[in-house]
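Participant:
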Amino acid sequence: MKYPDNILEVGSLLPDYMGFIFWPKSARYFNGEIPNLPKSIKKTGVFVNENTTVIEEKVKKHNLQAVQLHGQESVAFCSELKTKFGTSIEIIKVFSADENFDFSILEPYESVCNYFLFDTKGKLPGGNGTTFDWKILVNYPSTKPFFLSGGIGIEELDSINEILKTNLPIYAIDINSKFEIEPGLKNTALCTDAIYRVSRNQNK
């Protein structure tokens, strides 16, 4: 999210989380002021290999409720953030997945993160617009809840609804580039459709 009016439009749909990218190299880089949003929406700062001082500054400035770590952040780094923020801030650690993903690397992170997020391995840390083969998630060895991400568009929602019927601890669906008009500008109509489709199937 990048533009105030668009932030408010999407906010009116009451997503559970809303992400703001604080990585300067991103086309979605956010360097403004977040307008007032419904309190139910968890404002999430997205960082890539950032230092703890900058993360803490952004959390305080924007009253963030979650941080998403999209780089090569270590277990020790996540532990430092957890110690710094306690239970006041959710820590979401992103892992780039492909058919060769080694799920054993997750275990050390379990105690220092609230959630994992699985994105598609690509040239950039997120926003690549491609999906990975979700079948690899049958090998997920943990009960730690996770976000499912990676090039999810309207055309993937039927598959999403099927995987939501499994016993996998999928906590949330992360939508981004395929719901944009341009980087950082969401198509509100598509977002509305996505929320309706997922909610409808969840309630069946």
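Here the sequence shown is numbered in the numbering used here, starting from 1 and rising by one per residue.
Note that CB positions come from ideal geometry on N, CA and C, so glycine has one too.
(1) Does Lys2 pass the burial test, meaning 16 or more other C-beta atoms within 10 Å, or should it be called exposed?
(2) Apart from the five residues on each side of it in sequence, which residues of its chain come closer than 7 Å, Cβ to Cβ, to Thr192?
(3) Please give me, in chain order, every unbroken run of the alpha helix (DSSP H) with length at least 4 that falls completely inside the region 155-202.
(4) Can you find the residues in the same chain that come closer than 6 Å, C-beta to C-beta, to Gln65, ignoring five residues on each side of it along the sequence?
(5) With distance defined between alpha-carbon atoms, name the residue in Gly11, Trp23, Lys25, Glu57 nearest to Ser40.
(6) Cβ of Asn187 within 7 Å of any heavy atom in the ligand FAD?
(7) Report the residue from Phe30, Pro24, Pro108 whose alpha carbon sits nearest the alpha carbon of Asn49.
(8) Output the distance between the C-alpha atoms of Lys82 and Cys113, rounded to the nearest integer angstrom.
(9) Please state whether the Cβ-Cβ distance between Glu80 and Thr52 is less than 8 Å.
(10) I'd like to check one pair, Ile170 with Ala194: are the Cβ atoms closer than 8 Å?
(11) Measure the C-alpha to C-alpha separation of Asn36 and Lys135 and round it to an integer number of angstroms.
(12) Can you check whether the CB of Val59 is closer than 8 Å to the CB of Gly45?
(13) Give every residue of the same chain whose Cβ lies closer than 7 Å to the Cβ of Glu99, excluding the five residues on either side of it in the sequence, and list them in chain order.
(14) State the beta-bridge partners of Ala97 as determined by DSSP.
(15) Going by DSSP in three states, Gly19 sits in which element: helix, strand or coil?
Facilitator: On the basis of the supplied data:
(1) So Lys2 ends up on the buried side.
(2) Cβ neighbours of Thr192 beyond the five flanking positions: Leu13.
(3) Given a length threshold of 4 residues, each whole run of the alpha helix (DSSP H) inside the region 155-202 is given here in chain order: 157-163, 188-202.
(4) Here the set comprises Lys42, Lys43.
(5) Among Gly11, Trp23, Lys25, Glu57, the Cα nearest to that of Ser40 belongs to Gly11.
(6) As presented, the structure is devoid of all ligands, the ligand FAD included, so that no description of it is given.
(7) Looking from the CA of Asn49, the closest CA among Phe30, Pro24, Pro108 belongs to Pro24.
(8) Their Cα atoms are separated by approximately 8 Å.
(9) Yes.
(10) Contact: no.
(11) So the alpha carbons of these two residues sit roughly 39 Å apart.
(12) Yes, Cβ-Cβ distance for Gly45 and Val59 is below 8 Å.
(13) Hits under 7 Å: Asp133, Ile136.
(14) Within the DSSP bridge table, the entry for Ala97 names Thr120 as partners.
(15) In this structure, Gly19 counts as strand in the three-state DSSP scheme.
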